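Chemist: Residue numbers (my numbering), protein chains in the order written: chain A, 1 to 117; chain B, 118 to 233.
Heads up, the beta-carbon is just placed ideally off N, CA and C, and yes, glycines get one too.
Only a predicted model underlies this, so the values are computations on that prediction, with no experimental measurement involved.
The structure that follows is given in the form of structure tokens.
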């Protein structure tokens, strides 16, 4: 597509529920990133995919968070047993290549705002 | 550990006035440097980037930034602010070399308010 698309734009859930957030990157972009932006803060890196594999998941806060990209395009961020502290805007970004010069020129989606009650 | 500091959480300027947003980074070498803008309900939009070479970088929407190695700074400037520039601005660093990926470290942001 023309840009990075994220769905849903807003998600309200109850503590303890399971949530999936979807990202559709720019067509042809091989690298995909998930960031989390808490209120009043800058985005924080969660995980990075190069193709289908997670090249760096060092930012995932704990094992309740998991992400997949089975066909190297669309990615889903999955959060189990949600907690109130998970409330944030989850941003997805993509880039044409994964490493090397220009790899860190990212195009961001508008984000999925998650509220855990 | 690498870090990015934006000392000003909130700045208010009058329309037509000049603007400077500050950014300092902590890293052992010269990182790649970025400024992004985020309007309400919008994704982050890249304003400009510095990889190497000329330390004065021109970006979109009339913005420029200057890399000063001695001060570990990458301040964003605009000579004349427009009301549509009201938004949140983020400075970010990317790590060069073998770590050169889109894993960026962001500052906490500066909210710009523009007075008519």
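My parser needs the beta strand (DSSP E) runs of 3 or more residues fully inside the segment 126-154 of chain B; what are they?
Modeler: Fully enclosed beta strand (DSSP E) runs of 3 or longer: 127-131, 136-138 and 141-143.
Chemist: Which residues in the same chain as residue 81 (chain A) place their Cβ atom closer than 6 Å to its Cβ, once the five residues preceding and following it in sequence are excluded?
Modeler: Around residue 81 (chain A): 16 and 64.
Chemist: In this structure, how does DSSP classify residue 56 (chain A) when only helix, strand and coil are distinguished?
Modeler: Residue state, collapsed to three classes: strand.
Chemist: Return the Cβ separation of residue 93 (chain A) and residue 4 (chain A) in integer angstroms, given the expectation that the two are a contact with Cβ distance under 8 Å.
Modeler: Correct: roughly 6 Å between the Cβ atoms.
Chemist: For a minimum of 3 consecutive residues, which ranges assigned as the beta strand (DSSP E) are wholly contained in the segment 163-233 of chain B?
Modeler: Counting only runs of 3 or more, we get 173-175, 181-185, 190-195, 204-211, 221-223 and 227-232.
Chemist: Can you tell me which of A:22, A:30, A:105 and A:7 puts its alpha carbon nearest to the alpha carbon of residue 55 (chain A)?
Modeler: Minimum Cα distance to residue 55 (chain A) is reached at A:30.
Chemist: Among residues of its own chain, excluding the 5 on either side of residue 26 (chain A), which ones have a beta-carbon nearer than 7 Å to its beta-carbon?
Modeler: If we look at residue 26 (chain A) and ignore the five residues flanking it on each side, its Cβ neighbours are 1, 3, 4, 94 and 107.
Chemist: If we cut at 9 Å on Cβ distances, does residue 51 (chain A) have a partner in chain B?
Modeler: It does not: the Cβ of residue 51 (chain A) has no partner Cβ on chain B nearer than 9 Å.
Chemist: What separation, rounded to the nearest whole angstrom, lies between the Cα atoms of residue 150 (chain B) and residue 14 (chain A)?
Modeler: Taking the straight line from one Cα to the other gives about 39 Å.
Chemist: Return the Cβ separation of residue 206 (chain B) and residue 179 (chain B) in integer angstroms, given the expectation that the two are a contact with Cβ distance under 8 Å.
Modeler: The Cβ separation is near 14 Å, so there is no contact.
Chemist: Cβ atoms of residue 152 (chain B) and residue 173 (chain B): under 9 Å apart, would you say?
Modeler: Contact: no.
Chemist: Would residue 172 (chain B) count as contacting chain A if we go by Cβ distances under 9 Å?
Modeler: With 9 Å as the cut-off, residue 172 (chain B) does not count as an interface residue toward chain A.
Chemist: What residue range is occupied by the uninterrupted beta strand (DSSP E) comprising residue 79 (chain A)?
Modeler: Where residue 79 (chain A) is concerned, the enclosing beta strand (DSSP E) stretches over 75-79.
Chemist: Would you say residue 73 (chain A) faces chain B, with C-beta separation under 9 Å as the test?
Modeler: For residue 73 (chain A), the answer is no, since every Cβ of chain B falls outside 9 Å of its Cβ.
Chemist: For residue 83 (chain A) and residue 156 (chain B), I'd like the C-alpha separation in whole angstroms.
Modeler: Rounded to the nearest angstrom, the two C-alpha atoms are 27 Å apart.
Chemist: Quick check: what's the CA-CA separation for residue 161 (chain B) versus residue 89 (chain A)?
Modeler: Between residue 161 (chain B) and residue 89 (chain A), the C-alpha separation is close to 12 Å.
Chemist: Leaving out five residues on either side along the sequence, give the residues of the same chain with a beta carbon under 6 Å from the beta carbon of residue 168 (chain B).
Modeler: Here the set comprises 149.
Chemist: Decide if residue 37 (chain A) is buried, meaning its Cβ has at least 16 other Cβ atoms within 10 Å, or exposed.
Modeler: Per the 10 Å Cβ criterion, buried.
Chemist: If you follow the beta strand (DSSP E) that residue 113 (chain A) is part of, which residue opens it and which one closes it?
Modeler: Where residue 113 (chain A) is concerned, the enclosing beta strand (DSSP E) stretches over 112-116.
Chemist: At a Cβ threshold of 9 Å, is residue 121 (chain B) touching chain A?
Modeler: Yes, contact with chain A.
Chemist: Helix, strand or coil: which one does DSSP assign to residue 24 (chain A)?
Modeler: If DSSP states are grouped into helix, strand and coil, residue 24 (chain A) belongs with the strands.
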